[in-house]
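Asks: I have a structure I would like to understand better, so I am pasting it below and will then ask my questions one at a time.
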Amino acid sequence: MTRKERYDFIIDYFSKHNPDAETELHYSNPYELLVAVILSAQCTDKRVNLVTPALFRAYPTAEDLATAMPDDIFSYIRSVSYPNNKAKHLAGMARMLVNDFNGEVPSEIDELVKLPGVGRKTANVIASVVYNMPAMAVDTHVFRVSARIGLTLNAKTPLAAEKQLVKYIPEEQIPLAHHWLILHGRYICLARTPKCAECQIKSACKYFLSKKKS
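According to this note's numbering, the residues represented by the sequence shown are -11 to 202, in order.
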């Protein structure tokens, strides 16, 4: 199977079986998604979804959050990973959003990464989910799954993986493909013990095929 055939197979399968894939984070506007994605770094979406309702009730807008001190925010997010750092990031992010962007979440990657707590992965999530831009956010799931399947070759960094993925995936499907790979990694292609027996794309997976030969 050539690399193009592998991409075609994966895209065709998920297009048919998960055509409406979306983030599992709960949000109702771009500001809420930005907060949730910052909180989700090295933390499960499930945990984030437990803490954000109270946080959003207390600080329903960027303007509200911008008035909060990190200690105030910490009290709402203490159960997520790295709550001290994330409380500082959220306070700083909200202030910059209000002061530099009129309280509106920007759509450009270069603008998003200026915000405290926002790296390239988070910026790509916002650009793709909120603005439907062809941005591929590479988290640990996407990085692992794309390498295992053989969509990426010798990608040593998330950025290297991102460049390969956006090169081969049709532009209009990149926002969806991000969710396909994340969800596949979260529920089937697990880090330690991938559920190959349940996997419906194993016939195109380099990892499975090599394991089968050995």
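Glycine is no exception: its CB is placed at the ideal position from the N, C-alpha and C atoms.
(1) For the segment 114 to 132 against the segment 63 to 71, are there 3 or more C-beta pairs whose distance is under 8 angstroms?
(2) Which one of Ala123, His172, Val93 and His129 has the shortest CA to CA distance from lysine 205?
(3) With distances taken between CB atoms, is the gap from threonine 110 to isoleucine 162 smaller than 9 angstroms?
(4) Using the C-alpha atoms, what's the distance from proline 182 back to alanine 46?
(5) First and last residue of the alpha helix (DSSP H) that includes leucine 27?
(6) Where does the unbroken alpha helix (DSSP H) through tyrosine 15 begin, and where does it stop?
(7) Hey, out of Ala125, Asp(-4), Tyr19 and Val39, whose CA is closest to serine 69's CA?
(8) Is it right to say threonine 11 is buried, meaning 16 or more other beta carbons lie within 10 angstroms of its own, or is it exposed?
(9) Please report the straight-line C-alpha distance between aspartate 205 and lysine 155, rounded to a whole angstrom.
(10) Return the CA-CA distance between asparagine 17 and asparagine 120, expressed in angstroms with no decimal places.
(11) Would you kindly report the start and end of the unbroken alpha helix (DSSP H) that includes valine 101?
(12) Taking the alpha-carbon of glutamine 108 as reference, which of Leu53, Val86 and Ala149 has the nearest alpha-carbon?
(13) Residue range of the alpha helix (DSSP H) that arginine 83 falls in?
(14) Sort Leu22, Thr(-10) and Ala185 by Cα distance to isoleucine 74 and report the nearest one.
Replies: This is what the structure gives:
(1) no
(2) Only positions -11 to 202 of the chain appear in the structure, and residue 205 is not among them; the question remains open.
(3) no
(4) 40 angstroms
(5) 18 to 28
(6) Where tyrosine 15 is concerned, there is no enclosing alpha helix (DSSP H), given that its DSSP letter is neither H nor E.
(7) Val39
(8) buried
(9) Outside the shown range of the chain (-11 to 202) lies residue 205, about which nothing can therefore be said.
(10) Rounded to whole angstroms, the gap between the alpha carbons of asparagine 17 and asparagine 120 is 14 angstroms.
(11) First-last for valine 101: undefined, no H or E at that position.
(12) In the sequence on display, residue 108 carries arginine and not glutamine. Closest by alpha carbon: Ala149.
(13) Its alpha helix (DSSP H) spans residues 71 to 89.
(14) Reading the sequence as shown, one finds lysine at residue 74 and not isoleucine. Nearest of Leu22, Thr(-10) and Ala185 to lysine 74, Cα basis: Leu22.
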